[in-house]
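For reference, each letter of the sequence shown is one residue, going 18 to 296 in this note's numbering. Using N, Cα and C, we set each Cβ at its ideal position, and we do this for glycine too.
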Amino acid sequence: MTTQNKIEIGTKEEITWCPGCPNFLVLAAWKNALAKLIKEGYKQEDFVMCTGIGCHPKIYDYLNISGVYGLHGRVLPVCLGMKLGNPNLKALGFSGDGDAYAEGMEHFIHAARYNADITYFVADNQNFALTTGQPTPTSPQGFKSKAEPAGEYNMPLNPVKLALAAGASFIARINPKDLVHSQEIIEKAIKHKGFAFVESVQDCLIFNMNSKDLVPLMYKVDNKDKKKAQELADEWDYDKKDGKIPIGIIYQEEKPILEEKWPQLKKLRESGKGRKSIK
Ligand SMILES: Cc1ncc(C[n+]2csc(CCOP(=O)(O)OP(=O)(O)O)c2C)c(N)n1
Ligand code: SF4
C-alpha cells in the first residue's frame, strides 16, 4: 500500500465515469483527505471501505483502501459487520442517493441510531444514474425520466432532517465543486467519533443537471447546536430552487458509540487489537 514512504491512495484502474462527472471531484477530495490524515499519523491499514452499486460507488476501484464492493443498498450493514469483526477499524461507506435512501433507507436510520464509528458518504445526484436516470427519494417533484415521463409525483425527502431525527452525531453537506472545503469536511467526518454522515449535492451530467442551479444558493456553516441544526435542515427541502442551502457541518455532538455500548466490543476496542494508529 505504501512504497518508499510514498502514499498511494489512488489505484491505476481506468476511471469509467463520464468526462466531467462530479465524482472526479469527490474522488480528489477523498484522496486528499486520506493522504493528509495518513501524513498526520493514521495508517492506511486502519481504514476499511464498503461501497454500494452505482456510478459513484465505482470509487471502490479508484481508492486504495481494503474493503468489500457491497450490494446495492447494503453498504451500512457491511460496515457494521466490519465494526463487529474489528471495532478498531475506521469504516468508510460510499453510496449514491438511490442506494442510501431507497434500497438502504432502513440501514441508514439504524446506523445513525446506533452511532457506530462509521463515516458514511452519499453522492446525491438526485437520480439512479447507473441504471439511466430513474427518480430516487431525493429527486425534485416534476423530475422527468424514462420511468416517469410525466414527472415525479412525490416531494423529495430531506436526508439531513432524517439523519437528525435518527440521532446521527455528525451531519454535513458538501458541494464537490468546492474541493478544499469538501476535503476539509471529509477529514472532520473521518476524525469524528461516531456515525458521520456527509451528503454531497452534485450533478449528473447525463440525467440530472438540476443541482448546477443550486450552487449560488449555498453558504457555509459550522454548527453544533441541535435547535439551530433543525433550522438549517429546514432551509432547503431538496425541491426548491430558491432560498439558501447550508453546506459544511450542520450538526455535531459527542455521545457514546456502538463500540463502547457493547461490552464485548468495548473490550476489543480497549485492547487495541488490529489497530495501527486510530484512537
Ligand atoms: C438490490 C438491487 N436493486 C437494484 C439494483 C440495480 N441498480 C444497480 S445500480 C442502481 C442505481 C444506482 O443509483 P444510485 O445509488 O443513486 O447511484 P448513482 O448511480 O446515481 O451514483 C440500481 C437501481 C441492484 N443492483 N441491486
Ligand atoms: S451518468 Fe451521471 S453520475 Fe454516472 S458517470 Fe455519467 S455524469 Fe457521472
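Taking 6 angstroms as the cut-off, one finds at least one heavy atom of ligand 1 near enough to the beta carbon of F145. The residue from N81, F111 and D78 with its alpha-carbon nearest to that of G90 is F111. Contact annotation: P176 and E216 have beta-carbon atoms nearer than 7 angstroms. Looking at the DSSP output, K237 bridges to I264.
Proximity of the segment 162-172 to the segment 182-190 falls short of the contact definition, fewer than three beta-carbon pairs being nearer than 8 angstroms. The DSSP-derived three-state label of S83 is coil.
Distance check between E252 and each of L231, T68, Y86 and G113 places L231 closest, using alpha-carbon atoms only. Bounds of the alpha helix (DSSP H) holding G98 are V92 to G102.
If you draw a straight line from the Cα of K107 to the Cα of P166, it comes to about 42 angstroms. Q281 is classed as exposed because its beta carbon has fewer than 16 other beta carbons within 10 Å across all chains shown.
In the structure shown, G115 falls within a helical segment according to DSSP collapsed to helix, strand and coil.
Burial check for C96: the Cβ neighbour count within 10 Å reaches 16 or more, so the residue is buried.
With contact defined as three or more Cβ pairs closer than 8 angstroms, the segment 23-36 and the segment 116-133 are not in contact. DSSP places L222 in the coil class of the three-state scheme, outside both helix and strand.
Secondary structure note for R292: it is in no beta strand (DSSP E), with a DSSP letter that is neither H nor E. With fewer than 16 neighbouring CB atoms inside 10 Å of its own CB, T33 falls in the exposed class. The alpha-carbon separation between I202 and F41 amounts to approximately 17 angstroms. Sequence-distant Cβ neighbours of P74 in its own chain, meaning closer than 6 angstroms and more than five residues away, are T68 and F111. Look at the beta carbons and you see the segment 144-164 not touching the segment 244-251: under three pairs across the two are nearer than 8 angstroms. For ligand 2, a non-hydrogen atom lies closer than 6 angstroms to the CB of W34. With a threshold of 6 angstroms, the Cβ atom of T148 counts as near ligand 1, since some heavy atom of the ligand is closer than that. The beta carbons of G115 and G150 sit about 10 angstroms from each other, so the pair does not count as a contact at 8 angstroms. At a cut-off of 6 angstroms, the beta-carbon of G115 counts as near ligand 1: some heavy atom of the ligand is closer than that. Of the heavy atoms belonging to ligand 2, none sits nearer than 6 angstroms to the Cβ of L44.
Measuring C-alpha to C-alpha distances from L44 to each of T148, N192, N105 and I126 identifies N192 as the nearest. Straight-line spacing of the CA atoms in D141 and G58 works out to 31 angstroms. Residues F187 of the same chain have their beta carbon placed closer than 6 angstroms to that of H209, with the five preceding and five following residues left out of the count. For I70, the CB falls within less than 6 angstroms of some heavy atom of ligand 1.
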